[in-house]
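Worksheet: one structure, shown below.
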Amino acid sequence: TLLEGDSFPNGGRALVIAAGQVDNTGMQWKDASKTSVGSQWGGAPVLAEVVPFNLTLPVEPGRLRVSALNALGQGLGELAVAATNGRASVSVATNAGTLWYELLIAKDTPFDRWRFANFTAQELVNPSLSGALGLPAHDGVPNLLKYAMGLSPKVQASAPLIAGEIRALAGGQHLVMTFTRAKSATDVLVTPEVSGDLRDWQSGPEYTEEIEVRDQGATELVAVRDRLPLDQAQQRFMRLKVKRLDDGGV
Numbered sequence: 006t007l008l009e010g011d012s013f014p015n016g017g018r019a020l021v022i023a024a025g026q027v028d029n030t031g032m033q034w035k036d037a038s039k040t041s042v043g044s045q046w047g048g049a050p051v052l053a054e055v056v057p058f059n060l061t062l063p064v065e066p067g068r069l070r071v072s073a074l075n076a077l078g079q080g081l082g083e084l085a086v087a088a089t090n091g092r093a094s095v096s097v098a099t100n101a102g103t104l105w106y107e108l109l110i111a112k113d114t115p116f117d118r119w120r121f122a123n124f125t126a127q128e129l130v131n132p133s134l135s136g137a138l139g140l141p142a143h144d145g146v147p148n149l150l151k152y153a154m155g156l157s158p159k160v161q162a163s164a165p166l167i168a169g170e171i172r173a174l175a176g177g178q179h180l181v182m183t184f185t186r187a188k189s190a191t192d193v194l195v196t197p198e199v200s201g202d203l204r205d206w207q208s209g210p211e212y213t214e215e216i217e218v219r220d221q222g223a224t225e226l227v228a229v230r231d232r233l234p235l236d237q238a239q240q241r242f243m244r245l246k247v248k249r250l251d252d253g254g255v
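Each residue of the sequence shown is one higher than the last, beginning at 6 in my numbering.
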């Protein structure tokens, strides 16, 4: 049963219930045809047959997380996800000890893949930990910004994420901002902005210019200058805005 989403390939959350014969303790059939129990209904606890199964979904293995649940819907632990012809698959044996399983399927976006690679199944259903604005490291740096900069979400950011300086460039002294950008974060916009009063912010080639991009493997070190020379303004400020292409910003 899909609890969230409209199909497995598009991502979402699903509940799987796998059970065979279910009887009350002490329940007795009146005859071999099992058409009636008469008054022999038995009582608690209910006995349920665990059914082994193999489940394959039309998504890549890295996009699926499976958790066993107890009768209250609480997680009992994650199940191993294997690859079957490039698709995600999970197997459950007769000694599983439960009937309920929660499936989390990542959307086919780089940000969701990053979330699934860095958080457990229980953390993925908690937006305050694994969402774009989550702060799992309690360092004030939201997940979306760490994703855009190629940082681990659960490791505290110790060094300044953005460095500012004044450089002598063609045309005079300019304010320059340096930051790290993840190459794989293709579903976010990382936009340098400038302001003269911390109220009105401008961006784009008319206001800023990338003056250096240094390859660092999975990331690149980017230096951006404010195009307005400092001698033509009383004060200048720079900031970095990170925005998901399908969502809001940070």
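Glycine included, C-beta positions come from ideal geometry on N, C-alpha and C.
- In terms of CA proximity to S163, V146 leads the group V146, V55, L226 and M32.
- Of the residues assessed, W119 falls on the buried side of the cut-off, its CB having 16 or more other CB atoms within 10 angstroms.
- The beta carbons of I167 and L104 sit about 51 Å from each other, so the pair does not count as a contact at 8 Å.
- For the options W206, N90, R70 and R172, the alpha carbon positioned closest to that of E83 is the one of R70.
- At a Cβ-Cβ threshold of 8 Å, G16 and D144 do not count as neighbours.
- DSSP, reduced to helix, strand and coil, places N90 outside both helices and strands of the structure shown, so it counts as coil.
- Burial is judged here by how many other beta carbons sit within 10 angstroms of a residue's own beta carbon; A93 has at least 16 and is buried.
- Annotated as distal: T99 and P141, with beta-carbon spacing of 8 Å or more.
- DSSP places S135 in the uninterrupted alpha helix (DSSP H) bounded by P132 to S135.
- Around the C-beta of E198, 16 or more other C-beta atoms lie within 10 Å, and the residue is accordingly described as buried.
- In chain order, K248 place their CB closer than 6 Å to the CB of L194, counting only its own chain and leaving out the 5 sequence neighbours on each side.
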